[in-house]
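Quick note, the sequence shown lines up with residues 16 to 181 if you use the working numbering.
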Amino acid sequence: LKMIFNPFIGIVNQLLGISVEWFNNPNAAMALLVIAGVYLDIGIKFLLLHAALRNIPANLVEVATLEGANPLQLFKYLQLPLIAPTLVFVLATNIKDAMLISSPVLILTEGGPFRSTQTLVYQMYLEGFKSGNYAMGSAIATVVFFLTFLLLLALLQFERRRVYYQ
């Protein structure tokens with residue numbers, strides 16, 4: 016990825032006709048991490064949602080269209096409730112992935128420029144493995160665990176109120 020986003024010979028800058036220093040600009044570096052995160056996960060998430068949509072019985076869609084439902088109503092009242100369990104799973108894995116992002120930070124930016132892309136997990140890595148401060152690394156890991164747990168608990172509460180399983 017570093018060669019793809021190289022400011023002088025990178026294919027992204029060549030295609031866009033710009034010269035952005037992706038790794039030296041804090042905003043561009045964060046955008047780069049978002050792009051890398053989306054790129055890493057979009058395939059499996061798309062397949063899961065596509066499979067859920069394809070699993071909707073055709074006769075339900077046909078009846079709704081015959082009753083006069085437009086595409087927005089079809090999605091809102093028929094398709095979205097039926098794919099809700101899969102959507103909750105995808106959201107839960109996205110929350111987990113977002114909280115545990117460290118590999119793209121380590122590989123692409125190493126927390127820079129000016130610590131703008133440093134995440135809690137990367138800070139935990141620095142404290143625990145680079146500095147040898149195991150207590151601080153463990154404390155950060157505990158905070159990350161509880162933050163992830165609370166976010167997933169909130170999603171579970173939402174799921175219990177809004178998602179119905181067949």
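C-beta atoms are modelled at their ideal positions from N, C-alpha and C, and glycine is treated no differently.
For Pro-128, the three-state secondary structure derived from DSSP is coil.
Shown here, Asn-74 sits in a helix according to DSSP, grouped into three states.
Within the model, the alpha-carbon separation for Ser-118 versus Tyr-92 is close to 39 Å.
For Ala-84, no alpha helix (DSSP H) encloses it, and the DSSP letter there is neither H nor E. Around the beta-carbon of Gly-152, 16 or more other beta-carbon atoms lie within 10 Å, marking it buried.
Rounded to whole angstroms, the separation of the alpha carbons of Phe-38 and Gly-143 is 25 Å. Inter-residue distance for Val-78 and Arg-175 is about 28 Å (C-alpha atoms, whole angstroms). Under the Cβ criterion (8 Å, minimum of three pairs), the segment 82-91 does not count as touching the segment 130-140. Glu-36 carries a coil assignment under DSSP once its states are collapsed to helix, strand and coil.
Separation of Leu-170 and Ala-66 (C-alpha to C-alpha, rounded to the nearest whole angstrom) is 22 Å.
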